[in-house]
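Engineer:
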Amino acid sequence: MNKVSLLKNKLLILSLSLFLLGGYSYSQAQDEKNLPFPITLFKLKNGLQVILSEDSSLPLVSVVVAYNVGSMYEEPGKTGLAYLLENLMFQGSENVSRMQHYSIIHNAGGELNAATSADKTIFFQTVPSNQLARVLWLESDRMMSLEINDLNVQQVKDILIEEIHHRKATNPYLESYYRFDQFIYPDFFYSHPVIGNESDLINITVEDVKKFYSTFYKPNNAVLSIAGNINKKKAEEEIRKYFETIPEGQNFPPVTSPKLPERKPIIRTHKDPSVPSPGFHLGYRMASPSTDDFYPLRIIEYILLHGKTSRLYKRLIKRYRTASHLSGNIEIRKNLARLKIFVVCGNTTMMERSKRAIIYEINRLKMSLISEKELQKSKNLFKMDYINQYATSGDKARFLAESFLSKKSLNHLANELKKYLAVTRGDIIGIMRKYFTHESITLNIIK
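So the number in the numbering used here is just where the residue sits in the sequence shown, counting from 1, plus 784.
Okay, here's the thing in structure tokens:
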């Protein structure tokens, strides 16, 4: 891979003493040599946090603007607002006409995309390095003066409603996913779908959109992350030129604290005649990603679910063939984490066997030590995936932006991979017994 040089230890440069929202600080500079790439940090007068990472191996630069807002900041009856705004950000601003953002980037030989989740909205583009100023101008213009009118809002609403219909038509299990989220997450703010409900989207007004935009799309609620072939001094000058005059926001509404679920199993049956085969969603409530328990939990995810040598793949798909589909991962929504497993089977008999097989493998991890060989294999796969998070300039810019929004300190970033790889066989048993309990299980059976 041509990015191997990024994994060598380099000196971290700190430009400001405090990373916004309780994140990075100068006092953590002693850990800088452990980071896999150099970064420069500074903050504008309006609160916009900037992260720069210089890499001259390719004549490209990636720009990410990430906002600290997602679907969990929506109110009941207003679902889909965050995703609607993500799409509206390409419909024009004061100096950029409708869809011109796309055409400018594509004509420059670049690529772009965006994503909305429960807790963040991210815009990212990669262009030839001589196009950096143009991207900064585009991003600053829509941060300051997005064009929000009846025509633009209605066009985006129509697109999203059509997307809802398309998703339902192409994924017969979609409704079961949504029901499962309502069971495994504690309340509306954490559980409703990012795309929103059709009835809510229909009733969202232009004023609703303007309020959401003016509340959350502010420089002091965002991070600008740039990685690639840049001159740091010139990049900082251009960033200040385009972004520092944007007014800061005031009084950001805090995310609603989740209601703690009762310590009891949740078992439901979802009957849907449109599903082609029976199946089930199985989940467990996990530790918060900010706790030390999360390190072994992530390795357990790999032991159970990742790769063709993982325990559940070998048992359900390869050896006994009780399932035709198996997928799963630990999903994070702000400060909550859930292990979610989805299985599709040929018939109800195979479904029951698959459920028993999963519980059997979970109990086996709770009762007996995993072999050092199997543990190391899972760690190796995890390490590869972890490093791939910053394999390209685009990956790296997004990795740094998301780390900032997750309030990960420099010390955390410098030592995070080491902590995952330091998980022991004893840690696995202890964490399995702590979190994989009958009281923590959520099961949604699909028939």
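All C-beta atoms in this analysis are idealised placements derived from N, C-alpha and C, irrespective of residue type, glycine included.
#1: Use the C-beta contact count for residue 1031: other C-beta atoms within 10 angstroms, 16 or more gives buried, fewer gives exposed.
#2: Rounded to whole angstroms, what is the Cα-Cα separation between residue 1128 and residue 1000?
#3: Rounded to whole angstroms, what's the CA-CA distance from residue 1126 to residue 1229? Just pull it up for me.
#4: Going by beta carbon distance, what residues of the same chain come within less than 6 Å of residue 1119, once the five residues before and after it are set aside?
#5: Please classify residue 951: does DSSP put it in a helix, a strand, or coil?
#6: Drop a sphere of 10 angstroms on the beta-carbon of residue 891, count the other beta-carbons inside from all chains shown, and report buried for 16 or more, exposed for fewer.
#7: Which residues in the same chain as residue 1074 place their Cβ atom closer than 7 Å to its Cβ, once the five residues preceding and following it in sequence are excluded?
#8: Taking the C-alpha atoms as reference points, what is the distance between residue 1057 and residue 1154?
#9: Quick one: what's residue 1217 bridged to in DSSP?
#10: For residue 1034, does the count of other Cβ atoms within 10 angstroms reach 16, so buried, or fall short, so exposed?
#11: CA-CA distance, residue 834 and residue 849?
#12: Put residue 806 into one of helix, strand or coil per three-state DSSP.
#13: Does DSSP put residue 1086 in a helix, in a strand, or in coil?
#14: If you measure between the beta carbons of residue 976 and residue 863, is that distance less than 9 Å?
#15: Do residue 989 and residue 1178 have their C-beta atoms closer together than 9 Å?
#16: Excluding five sequence neighbours on each side, which residues of the same chain lie with their C-beta closer than 6 Å to the C-beta of residue 973?
#17: Would you list the one or two residues that DSSP bridges to residue 1068?
#18: Which residues does DSSP pair with residue 1235 in a beta bridge?
#19: Buried or exposed: which applies to residue 1104, given that a residue is buried once 16 or more other Cβ atoms fall within 10 Å of its Cβ?
#20: Between the beta-carbon of residue 1054 and the beta-carbon of residue 960, is there less than 9 Å?
#21: Who are the Cβ neighbours of residue 1096 in its own chain at under 7 Å, not counting the five residues just before and after it?
#22: Using three-state DSSP, classify residue 853 as helix, strand or coil.
#23: Which of the three DSSP states, helix, strand or coil, is assigned to residue 1187?
#24: Here's the rule: buried if 16 or more other CB atoms are within 10 angstroms of the residue's CB, otherwise exposed. What is residue 883?
#25: Can you give the Cα-Cα distance for residue 986 and residue 941, rounded to whole angstroms?
#26: In whole angstroms, what separates the C-alpha of residue 1207 from that of residue 966?
#27: Span of the alpha helix (DSSP H) holding residue 1100?
#28: Is the segment 1063 to 1070 in contact with the segment 1218 to 1226, if contact means three or more CB pairs nearer than 8 Å?
#29: On the CB-based measure, 16 or more other CB atoms within 10 Å of its CB, does residue 1106 come out buried or exposed?
#30: Residues in the same chain with beta-carbon distance under 6 Å from residue 937, minus the five sequence neighbours each way, listed in chain order, please.
#31: Pull up the distance between the alpha-carbon of residue 934 and that of residue 1175, whole angstroms please.
#32: Roughly how many angstroms separate the alpha carbons of residue 1203 and residue 969, rounded to a whole number?
#33: For residue 1105, which of helix, strand or coil comes out of DSSP?
#34: If you draw a straight line from the alpha carbon of residue 1201 to that of residue 887, how long is it in whole angstroms?
#35: Measure the C-alpha to C-alpha separation of residue 843 and residue 915 and round it to an integer number of angstroms.
#36: With which residues is residue 826 paired in a DSSP beta bridge?
Structural biologist: Result, derived from the coordinates:
#1: Numbered from 1 along the sequence shown, position 247 holds the residue referred to as residue 1031. With fewer than 16 neighbouring CB atoms inside 10 Å of its own CB, residue 1031 falls in the exposed class.
#2: Counting from 1 along the sequence shown, the entry for residue 1128 is found at position 344. Counting from 1 along the sequence shown, the entry for residue 1000 is found at position 216. In a straight line, the C-alpha of residue 1128 is about 40 Å away from that of residue 1000.
#3: Position 342 of the sequence shown, counted from the start, is the residue given in the question as residue 1126. Position 445 of the sequence shown, counted from the start, is the residue given in the question as residue 1229. Straight-line spacing of the CA atoms in residue 1126 and residue 1229 works out to 10 Å.
#4: Locating residue 1119 in the sequence shown gives position 335, counting from the first residue. Excluding five sequence positions before and after residue 1119, the CB atoms of its chain that fall closer than 6 Å to its own CB belong to 1072, given in chain order.
#5: By 1-based counting over the sequence shown, the position of residue 951 is 167. Of the three classes helix, strand and coil, the one that applies to residue 951 here is helix, per DSSP.
#6: The residue you call residue 891 lines up with position 107 of the sequence shown. The residue is exposed, with fewer than 16 neighbouring Cβ atoms inside 10 Å.
#7: By one-based count along the sequence shown, residue 1074 stands at place 290. Correct list, in chain order: 1119.
#8: On the sequence shown, position 273 is the one that residue 1057 refers to. On the sequence shown, position 370 is the one that residue 1154 refers to. When rounded, the distance between both Cα atoms is 41 Å.
#9: As a position in the sequence shown, residue 1217 is number 433, starting the count at 1. Residue 1217 is not bridged to any residue.
#10: Stepping through the sequence shown from its first residue, residue 1034 is reached at position 250. Taking all protein chains in view, the Cβ of residue 1034 is surrounded by fewer than 16 other Cβ atoms within 10 Å, so the residue is classified as exposed.
#11: The sequence position of residue 834 within the sequence shown is 50, counting from 1. The sequence position of residue 849 within the sequence shown is 65, counting from 1. Computed Cα separation, rounded: 9 Å.
#12: Numbered from 1 along the sequence shown, position 22 holds the residue referred to as residue 806. Annotation note: pLDDT 36 at residue 806 (below 50); position unreliable, no value reported.
#13: The residue labelled residue 1086 in the question sits at position 302 within the sequence shown. In the three-state DSSP reduction, residue 1086 falls in the helix class (H, G or I).
#14: Stepping through the sequence shown from its first residue, residue 976 is reached at position 192. Stepping through the sequence shown from its first residue, residue 863 is reached at position 79. Contact: yes.
#15: Here residue 989 refers to the residue found at position 205 of the sequence shown. Here residue 1178 refers to the residue found at position 394 of the sequence shown. It is not a contact, given that the beta carbons lie outside the stated cut-off.
#16: For the purposes of this step, residue 973 is taken as residue 189 along the sequence shown, with counting starting at 1. Here the set comprises 856 and 1040.
#17: Locating residue 1068 in the sequence shown gives position 284, counting from the first residue. Residue 1068 pairs with 1123 and 1225.
#18: The chain is shown only over 785 to 1231; residue 1235 falls outside these bounds and no answer can be derived.
#19: Locating residue 1104 in the sequence shown gives position 320, where the first residue counts as 1. The residue in question, residue 1104, is exposed, as its Cβ has fewer than 16 Cβ neighbours within 10 Å.
#20: On the sequence shown, position 270 is the one that residue 1054 refers to. On the sequence shown, position 176 is the one that residue 960 refers to. Cβ distance < 9 Å, so residue 1054 and residue 960 count as in contact.
#21: For this step, residue 1096 is matched to residue 312 along the sequence shown. Only 1088, 1089, 1110, 1142 and 1145 meet the Cβ criterion.
#22: Indexing the sequence shown from 1 puts residue 853 at position 69. In the structure shown, residue 853 sits in coil (DSSP, three-state: anything other than H, G, I, E or B).
#23: For the purposes of this step, residue 1187 is taken as the residue at position 403 of the sequence shown. When DSSP states are grouped into helix, strand and coil, residue 1187 belongs to the helix group.
#24: Within the sequence shown, the letter at position 99 stands for residue 883. By the 10 Å Cβ count, residue 883 comes out exposed.
#25: Position 202 of the sequence shown, counted from the start, is the residue given in the question as residue 986. Position 157 of the sequence shown, counted from the start, is the residue given in the question as residue 941. Here the C-alpha atom of residue 986 lies approximately 7 Å from the C-alpha atom of residue 941.
#26: The sequence position of residue 1207 within the sequence shown is 423, counting from 1. The sequence position of residue 966 within the sequence shown is 182, counting from 1. Counting only the Cα atoms, residue 966 lies some 32 Å from residue 1207.
#27: The residue labelled residue 1100 in the question sits at position 316 within the sequence shown. Looking at the DSSP string, residue 1100 is not in any alpha helix (DSSP H), and its letter there is neither H nor E.
#28: They touch, by the three-pair rule.
#29: Translated into the one-based positions of the sequence shown, residue 1106 becomes position 322. That one is buried.
#30: Residue numbering aside, residue 937 sits at position 153 when the sequence shown is read from its first letter. The beta carbon of residue 937 sits closer than 6 Å to the beta carbons of 990 and 993 from its chain, once the five residues preceding and following it are set aside; these are given in chain order.
#31: Numbered from 1 along the sequence shown, position 150 holds the residue referred to as residue 934. Numbered from 1 along the sequence shown, position 391 holds the residue referred to as residue 1175. Their Cα atoms are separated by approximately 41 Å.
#32: Position 419 of the sequence shown, counted from the first residue, corresponds to residue 1203. Position 185 of the sequence shown, counted from the first residue, corresponds to residue 969. Taking the CA atoms as reference points, residue 1203 sits about 27 Å from residue 969.
#33: Taking the sequence shown and counting its residues from 1, the one referred to as residue 1105 is at position 321. Reduced to three states, the DSSP call for residue 1105 is coil.
#34: What you label residue 1201 is simply residue 417 of the sequence shown in a count that begins at 1. What you label residue 887 is simply residue 103 of the sequence shown in a count that begins at 1. Going by the C-alpha atoms only, they are around 39 Å apart.
#35: Reading the sequence shown from its first residue, position 59 is the one you call residue 843. Reading the sequence shown from its first residue, position 131 is the one you call residue 915. Distance between the alpha carbons of residue 843 and residue 915: 10 Å.
#36: As a first step, residue 826 is located in the sequence shown; it is residue number 42 there, counting from the start. Residue 826 is bridged to 834.
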